[in-house]
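Undergrad: Pasting a structure below so you can have a look.
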Amino acid sequence: MIKSLIIILLSNVIAGELYSANLFENSNRVPEANEVFALTTNVEKQAAYITWQIRDGYYMYLDSIKLELKDKVIPFKTLESSKELYKDEFFGETEILRDKFVISIEINSSLNLSEVLIYYQGCSEAGFCYPMQKNQLL
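Per my numbering, the sequence shown starts with residue 1460, numbered consecutively.
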């Protein structure tokens, strides 16, 4: 009887330790940039709409967002944003984006959307900054 009780108690202690170790491991994992800055594209006849869903606790630098086709910058129009001024220790006072950011670009016959590159960069409020991200529009 005492042996069974000791085994049960030790099993609970070990299970608790394993659970807390797993919890600790998951909380220290840095999520991939595409997890915290979820990028989607919707193409219509006249325009392509690019949306970032920015996870709570993270932000993107507005100045880092750039669209290019063969080293030529493509202008975009901001449709929706949650901009705010932010005092950055490296960049000084800069505009950042939180929550959701939506832009559009005009489509014309000379614009091959599969060759358009999107650049952006952001950070976590905990202090981790991602390197510049580069994705294809399509």
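Note that the Cβ used here is the ideal one computed from N, Cα and C, for glycine as well.
Keep in mind the model is a prediction, meaning the values are calculated, not measured.
#1: If we call anything under 8 Å between Cβ atoms a contact, is LEU1521 one with GLU1554?
#2: Give the single residue among TYR1589, SER1563, LYS1542 and PRO1490 whose Cα lies nearest to the Cα of TYR1579.
#3: Under the DSSP definition of a beta bridge, which residues are partnered with GLU1552?
#4: Taking the alpha helix (DSSP H) that GLU1494 belongs to, which residues open and close that run?
#5: To which residues does DSSP link MET1519 through a beta bridge?
#6: For LEU1596, which of helix, strand or coil comes out of DSSP?
#7: Measuring straight from C-alpha to C-alpha, what distance separates TYR1517 and GLY1581?
#8: Going by alpha carbons, who is nearest to ILE1513 out of MET1591, GLU1574, LEU1576 and PHE1560?
#9: Would you kindly work out how many angstroms separate the C-alpha atoms of VAL1489 and LEU1498, rounded to a whole number?
#10: Could you tell me the distance, in whole angstroms, from the CA atom of ALA1506 to the CA atom of ASP1558?
#11: Excluding the 5 residues preceding and the 5 following TYR1545 in the sequence, name in chain order all residues of the same chain whose CB lies nearer than 8 Å to its CB.
#12: When you compare only the Cα positions, how much space is there between ASN1501 and ILE1509?
#13: Using three-state DSSP, classify GLU1539 as helix, strand or coil.
TA: In short, the structure shows the following:
#1: Locating residue 1521 in the sequence shown gives position 62, counting from the first residue. Locating residue 1554 in the sequence shown gives position 95, counting from the first residue. Yes. Within cutoff.
#2: Position 120 of the sequence shown, counted from the first residue, corresponds to residue 1579. Checking every option, the nearest Cα to that of TYR1579 belongs to TYR1589.
#3: Walking along the sequence shown from the start, residue 1552 turns up at place 93. Among the bridge pairs identified by DSSP, GLU1552 is matched with LYS1546.
#4: As a first step, residue 1494 must be located in the sequence shown, where it is residue number 35. For GLU1494, the uninterrupted alpha helix (DSSP H) run begins and ends at 1492 to 1495, by DSSP.
#5: Against the sequence shown, residue 1519 aligns to sequence position 60. For MET1519, which the question treats as bridged, DSSP gives the partners LEU1556 and GLY1581.
#6: The residue you call residue 1596 lines up with position 137 of the sequence shown. Coil at LEU1596, not helix or strand.
#7: For the purposes of this step, residue 1517 is taken as the residue at position 58 of the sequence shown. For the purposes of this step, residue 1581 is taken as the residue at position 122 of the sequence shown. If you draw a straight line from the Cα of TYR1517 to the Cα of GLY1581, it is about 7 Å long.
#8: For the purposes of this step, residue 1513 is identified with residue 54 of the sequence shown, where counting begins at 1. Out of MET1591, GLU1574, LEU1576 and PHE1560, PHE1560 has the C-alpha closest to the C-alpha of ILE1513.
#9: Indexing the sequence shown from 1 puts residue 1489 at position 30. Indexing the sequence shown from 1 puts residue 1498 at position 39. A direct Cα-to-Cα measurement between VAL1489 and LEU1498 gives close to 18 Å.
#10: In the sequence shown, counting from the first residue as 1, residue 1506 sits at position 47. In the sequence shown, counting from the first residue as 1, residue 1558 sits at position 99. Separation of ALA1506 and ASP1558 (C-alpha to C-alpha, rounded to the nearest whole angstrom) is 23 Å.
#11: Walking along the sequence shown from the start, residue 1545 turns up at place 86. Once the five neighbours on either side are set aside, the close Cβ partners of TYR1545 are TYR1518, GLU1552, THR1553, GLU1554 and ILE1555.
#12: What you label residue 1501 is simply residue 42 of the sequence shown in a count that begins at 1. What you label residue 1509 is simply residue 50 of the sequence shown in a count that begins at 1. In a straight line, the C-alpha of ASN1501 is about 7 Å away from that of ILE1509.
#13: Here residue 1539 is taken as the residue at index 80 of the sequence shown, counted from 1. The DSSP-derived three-state label of GLU1539 is strand.
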